[in-house]
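Student: Residue numbers (the numbering used here), protein chains in the order written: chain A, 308 to 652; chain B, 308 to 652; chain C, 308 to 652; chain D, 308 to 652.
I am attaching a structure below and will ask some questions about it afterwards.
Protein chains: 4
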Amino acid sequence: MIKVGIVGGTGYTGVELLRIFAMHPQVQLQAVTSRKEDGMPVAEMYPSLRGRVDIAFSSPDNAKLTECDVVFFATPHGVAMAQAPELLAAGVKVIDLAADFRLQDIAAFEKWYKMPHSCPELLKEAAYGLPELNRENIKKARLIGNPGCYPTTMQLGYAPLLKAGVIDASHLIADCKSGVSGAGRKAEIATLFSEASDNFKAYGVSGHRHSPETLEQLGKLTDDKVGLLFTPHLVPMIRGMHSTLYARLAKDIDNAALQALFEDAYKDEPFVDVMPFGSHPETRTTRASNMLRIALHRPDNGDTVVVLVVQDNLVKGASGQAVQCMNLMFGLEETTGLMHVPVLP
Amino acid sequence: MIKVGIVGGTGYTGVELLRIFAMHPQVQLQAVTSRKEDGMPVAEMYPSLRGRVDIAFSSPDNAKLTECDVVFFATPHGVAMAQAPELLAAGVKVIDLAADFRLQDIAAFEKWYKMPHSCPELLKEAAYGLPELNRENIKKARLIGNPGCYPTTMQLGYAPLLKAGVIDASHLIADCKSGVSGAGRKAEIATLFSEASDNFKAYGVSGHRHSPETLEQLGKLTDDKVGLLFTPHLVPMIRGMHSTLYARLAKDIDNAALQALFEDAYKDEPFVDVMPFGSHPETRTTRASNMLRIALHRPDNGDTVVVLVVQDNLVKGASGQAVQCMNLMFGLEETTGLMHVPVLP
Amino acid sequence: MIKVGIVGGTGYTGVELLRIFAMHPQVQLQAVTSRKEDGMPVAEMYPSLRGRVDIAFSSPDNAKLTECDVVFFATPHGVAMAQAPELLAAGVKVIDLAADFRLQDIAAFEKWYKMPHSCPELLKEAAYGLPELNRENIKKARLIGNPGCYPTTMQLGYAPLLKAGVIDASHLIADCKSGVSGAGRKAEIATLFSEASDNFKAYGVSGHRHSPETLEQLGKLTDDKVGLLFTPHLVPMIRGMHSTLYARLAKDIDNAALQALFEDAYKDEPFVDVMPFGSHPETRTTRASNMLRIALHRPDNGDTVVVLVVQDNLVKGASGQAVQCMNLMFGLEETTGLMHVPVLP
Amino acid sequence: MIKVGIVGGTGYTGVELLRIFAMHPQVQLQAVTSRKEDGMPVAEMYPSLRGRVDIAFSSPDNAKLTECDVVFFATPHGVAMAQAPELLAAGVKVIDLAADFRLQDIAAFEKWYKMPHSCPELLKEAAYGLPELNRENIKKARLIGNPGCYPTTMQLGYAPLLKAGVIDASHLIADCKSGVSGAGRKAEIATLFSEASDNFKAYGVSGHRHSPETLEQLGKLTDDKVGLLFTPHLVPMIRGMHSTLYARLAKDIDNAALQALFEDAYKDEPFVDVMPFGSHPETRTTRASNMLRIALHRPDNGDTVVVLVVQDNLVKGASGQAVQCMNLMFGLEETTGLMHVPVLP
């Protein structure tokens, strides 16, 4: 059994980790920290876990995280980099679901997250936790920067095209839509039911933190200069992410060959489903599961390919992906504890 | 492995059975019938099942249901009673999720479902599939009438009070609220998103089919005459049911004793959670799980007890309960394949 | 033109007043106060008002409210009673949408709102702002306590029955359901989209502030002792309230006579619609309008009558009702500026 | 008073016309036809109209539409062109909310709508009902093809850029999102609450009827060849449309000049609101109103401009726009009966 600790278990990625671990056959939950809720049983805050998670939140000071095999940070940006050095020194692996170890470009990190990076040398050894594109490094890593939700869809959607060199990498347009849980469990006006329900809006159109992360990763897949215009939108649904990715074709390629690029790329991937050409994946077909689905379109057989990507932002876009990384780091079957069938309807 | 067939796999209780079976370790899915979709892969209609359910819908005529160990009917009322005799004769167990084998009172059945009952003698041997109140009969049964969603909440909510004889059984008021999936997957105006969203209404206030079923079962729990006023409402959510049950106390009893009635009644039940006195259970704490949660209130310490009951109408209210019955009928651990943690948020 | 001021224009009842006033032919908006948003154009916070409301929020200190003809308080409980004396002394009428002037029973006020009442003598002259039951007093009043949303439905639903003396007043059960906007525009976890959406729950079952208000008012309609069990629930919709009211009949009365009680009571009321006996009113049929609709049921022709009442909690349940009072206080046609057709779908 | 008839009053654009007309000071509703609902009071189907619309549906055969001044067709494609000749011959003006008179390119019409056009000569005289771009023709017209909902947003969003010649017209990308009411009031599985709620998907990505209409109209605004990639998506909300329009800049132009193009183009338009540069308009700021709001972005000050456009798909995207045309055709103030303030929250 892997002894697991969670720092920051009160947010949505935290409770999603708890849900997954409660059904994971190789995990023993050791500690869930919350300074504010110290002593409160986890299942009191989340009655969905009654009878399934027996421990209480503990103060970070008392949590004995160094006795864990791995600690997940489901915390605001900046927390993991403060605590990771001590844990790693004690032989504990670390998986950060925030941004502290995602961006190798420290200047970009500091610009977008508005804080200095406190351990640049650790950052260098951190593995970017997207198994489909970085599996071997994850297996060997003791420190993971878990990808952002939007970047996961953009990378898996563009990767086969960029690797094959069939698109103009300089003018990618990613029009992305996320469920409201992506905003986290924070007391804020903008994500109140009465504000976000029966409504649709874009946000961060002039610039969003997930652009530099995505650009850095996409740049590894091609020698061409990558340019990305990323537009996030907020959808009145709890979970789910839909990315509509546009790319101009730079080479003559027919639709069957396009489709083959994706099917070949992901044929052995348990969590990436390439649907038939021309399909319209729905976010709900991934709800509460670690699946990500992709479908290709070529409107009017023109020079633009449209890649549709859906996932559950809290699972493949966050906590499920983190557990997938953990499985790899500890030599488990990659799918262990992650084979939940999506909840539909 | 139990060989399972599903008649009518295209509705919501059907696809929920498919979701549960895809994760059930002791089930081998043999056939899913749909006359209309004969030949279509199940996962084409429900892409959430891609890679998890490999078979196609088959016409009822070709489905070889007699080779199954058990057949579930997730069909409109009237279908199961037409096919059950042949299956039972062939040694196949039958679980009907519709109303054909719920009501022993044939006159009531015929009044409310507006069709004659075609096999009254089979009806007599059918077990009512509510394990918490009828477990031993279910274990021995070859034919199950799976309870309605509303009746499940009303019975489990009122049972400890009726058995203890502490309430006035003659004037029960059950104000119940259901998510829209309870109306099924039928092309109808009234359950369109644009009709049912951002809206709330009662329906069937002057009389609803679930009243006679509930009355018949509640009557078994007490010698008193049971009177029930049942008011269903439609909530703009997909899954979930919340029953607010009112009863006047007929005996002097304090709150601790009331609470003890429920805790004692359900202390060994894996799927019934009695929450602390005065709790407010939320439907989402049962979402996509087989859990049912109960909490008691005594407003102003007056003479009325209020019982709040929540469940997922498609799981404990339908397909999960049916699988719970199957587990019992085949001597499996009752919780096999049903221990999914509720999906929250 | 009536010169109107609004104290606390940033909440939902405040912006609803602004929406109504922007279309009210006899109102000139003088000031909208918000200490926090001083100087911000109202239409910057609420772009729905761009081009329709030209003024900015002003600090309460600078708002010159004493130059208004009437000031509405769309504020937390306790604000209006602090400022009302000065305004009234300056000849300004006051309409409070909070609870400061609703309850004549000061002990009850202080128990439920947990603050001393600062002007009991003003409270005595305050008129309870429910025109259908208190029209003449409102016309003459200079100070209005605008009813709570739930109490409006309970009073208009029970009044004809209580006045006629046909029900047992001692054991009323009101099972009520409200849209989320009733919780106000406050940064709170419990009303986040990801918490309140796709979910249903009761709250305050053991006791709620709207009980004493309703009891006090219902008591005026009958000499019998009134007992009320009031259970509020939260519905995942923005606007709308549905009250399901139960009462045992104390006299022999047929359904036509019951229906006549309501039709007679409300035949001249522009904002109360008595639907045909046995109807199921939907909340959306009142959306964004000042209409309240009522329908009667008599399940199984038994001894219990069920009254279904729907309204928009922000309009007839709050701001629209307040404007209705204003119209009466200033001698306008009662319906002025309030004849918006409900928005459906 | 203008005598108005509506053919097909049972769908969402029909009931929205009824809602608007019930508050329009210059309209007298003469007839609302529905073959299926002949004789049923309109307010029985739509209780939101109780007390506001007194007439019943009448069979098209009896409706005496030739006595109207104007007839609106809120019908499926193909109905208006069958009946328009007789009405026009009788001196009745016709406004079709479907596609019969939108596309001058008959081949495109027949390809996309899969029916022959029965009156090509009438089509030639039909005015395209987008007042902001075609006001003078509408004023003189007796026959209007009311624009599609998506095309309205795309045209008003791209028009200033195309007219000024500052963008590459050959590769426009319009990523559009619509509320579910856009699918109409039809009994269909795909738009059931349980299918469309808590879900997001694209549809018609490989080709959609609104492309040829938009292309034909955009072509009038520029001598350049226009190429458009249009991707519609379905949002779990009732009303609202959000179009995210991308265009590569073909000329050196700064952001202030871009903004000025839009402010100049729409400075006298009562229903088009150009928001400050960099704003994020929300669909709900137009809910139940005829307003359309636009905001510009220039991500990273790069070579791509992003135009965000929101409207209520049933009002400015359909019925409100049709009434706006009617006002122009009959010499009324263009805003008559259309100045409803958006409903927020």
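Here a beta-carbon is modelled for each residue, glycine too, at the ideal position from N, C-alpha and C.
Does DSSP classify C/M347 as helix, strand or coil?
Tutor: coil
Student: Excluding the 5 residues preceding and the 5 following C/V617 in the sequence, name in chain order all residues of the same chain whose CB lies nearer than 6 Å to its CB.
Tutor: H549, P588, T590, T593, R600, listed in sequence order.
Student: Do you know offhand how far B/N634's Cα is from B/Q462's?
Tutor: 21 Å
Student: Is there a Cβ of chain B sitting closer than 8 Å to that of D/L336, yes or no?
Tutor: no
Student: Taking 8 Å as the threshold (beta carbon to beta carbon), is C/V487 in contact with chain A?
Tutor: yes
Student: Note down, in chain order, every chain D residue with its Cβ under 9 Å from the Cβ of B/E495.
Tutor: Chain D residues near B/E495: A494, L499.
Student: At what residues does the beta strand (DSSP E) containing C/A476 begin and finish?
Tutor: Following the DSSP letters along the chain, one finds C/A476 in no beta strand (DSSP E), marked with neither H nor E.
Student: So D/E323 contacts chain A; which residues on that side make the cut at Cβ distance below 9 Å?
Tutor: Going along chain A, no residue has its Cβ under 9 Å from D/E323, so there is no contact; the nearest lies around 16 Å.
Student: Suppose the cutoff is 7 Å on Cβ atoms and the five residues either side in sequence are ignored; what does the same chain contact list for D/L437 look like?
Tutor: Excluding five sequence positions before and after D/L437, the CB atoms of its chain that fall closer than 7 Å to its own CB belong to P454, T459, Q462, given in chain order.
Student: Ends of the beta strand (DSSP E) at B/F379?
Tutor: 377 to 380
Student: Looking at chain C, which residues of the region 336 to 367 of chain D have a Cβ within less than 8 Å of any of its Cβ atoms?
Tutor: Y353, P354, S355, L356, R357, G358, R359
Student: Helix, strand or coil for A/M548? Go by DSSP, reduced to three states.
Tutor: strand
Student: Using a 10 Å radius around the Cβ and a threshold of 16 neighbouring Cβ atoms, would you call C/Q335 buried or exposed?
Tutor: exposed
Student: Got a sec: is the Cβ-Cβ distance from D/A503 to anything in chain B below 8 Å?
Tutor: At a cut-off of 8 Å between beta carbons, D/A503 contacts chain B.
Student: Near B/M388, what residues of its chain come up, given a Cβ to Cβ distance below 6 Å and the 5 sequence neighbours on each side ignored?
Tutor: D407, S425, C426
Student: Rank C/P652, C/M646, C/K623, C/T643 by C-alpha distance to the C-alpha of C/E439 and give the top, closest one.
Tutor: C/K623
Student: Starting from D/F364, follow its DSSP beta bridges and name the residues at the other end.
Tutor: D/V339
Student: Use the C-beta contact count for A/N597: other C-beta atoms within 10 angstroms, 16 or more gives buried, fewer gives exposed.
Tutor: When all chains shown are included, A/N597 counts as buried.
Student: Cutting at 8 Å between CB atoms, please list the residues of its own chain near D/L325, excluding the five before and the five after it.
Tutor: Counting only residues of its own chain and dropping the five nearest sequence neighbours on each side, D/L325 has a CB closer than 8 Å to the CB of I313, G316, L336, V339, V349, Y353, L356, V360.
Student: In this structure, how does DSSP classify B/Y553 when only helix, strand and coil are distinguished?
Tutor: strand
Student: List the endpoints of the continuous beta strand (DSSP E) containing A/K310.
Tutor: 309 to 314
Student: Any beta carbon of chain A sitting closer than 8 Å to that of D/A601?
Tutor: Before going further, note that residue 601 of chain D is Ile rather than Ala in the sequence given. Taking Cβ atoms only, chain A never reaches closer than 8 Å to D/I601, which makes this a no.
Student: Starting from C/A397, follow its DSSP beta bridges and name the residues at the other end.
Tutor: Bridge partners of C/A397: none, in fact.
Student: Grouping DSSP H, G and I as helix and E and B as strand, with all else coil, what is B/E417?
Tutor: helix
Student: According to DSSP, B/D580 sits in a beta bridge with which residue or residues?
Tutor: B/R600
Student: In angstroms, rounded to a whole number, what distance separates the CA positions of D/I560 and D/A554?
Tutor: 13 Å
Student: Can you give the Cα-Cα distance for C/T529 and D/A363, rounded to whole angstroms?
Tutor: If I take the Cα positions, the gap works out to 41 Å.
Student: Name the chain C residues that come within less than 9 Å of B/Y553, Cβ to Cβ?
Tutor: I480, D482, L536, T538, Y553
Student: Ends of the beta strand (DSSP E) at D/H424?
Tutor: Taken as a continuous stretch (DSSP letters only), D/H424 belongs to no beta strand (DSSP E), as it is neither H nor E.
Student: Rounded to the nearest angstrom, what separates B/M544 and D/K447 at their Cα positions?
Tutor: 48 Å
Student: In this structure, does DSSP put B/K446 in helix, strand or coil?
Tutor: helix
Student: What is the C-beta distance between A/V512 and A/L522, in whole angstroms, given that I count them as a contact (C-beta under 8 Å)?
Tutor: Wrong, their Cβ atoms sit about 17 Å apart, outside the cutoff.
Student: Kindly indicate which three-state DSSP category B/Q411 falls into: helix, strand or coil?
Tutor: coil
Student: With a threshold of 8 Å between beta carbons, is A/I545 in contact with chain C?
Tutor: yes
Student: What in chain C is Cβ-close to A/Y319, meaning under 8 Å?
Tutor: S501
Student: Can you tell which of B/P423, B/L565, B/L552 has its C-alpha closest to the C-alpha of B/A481?
Tutor: Considering only alpha carbons, the answer is B/L552.
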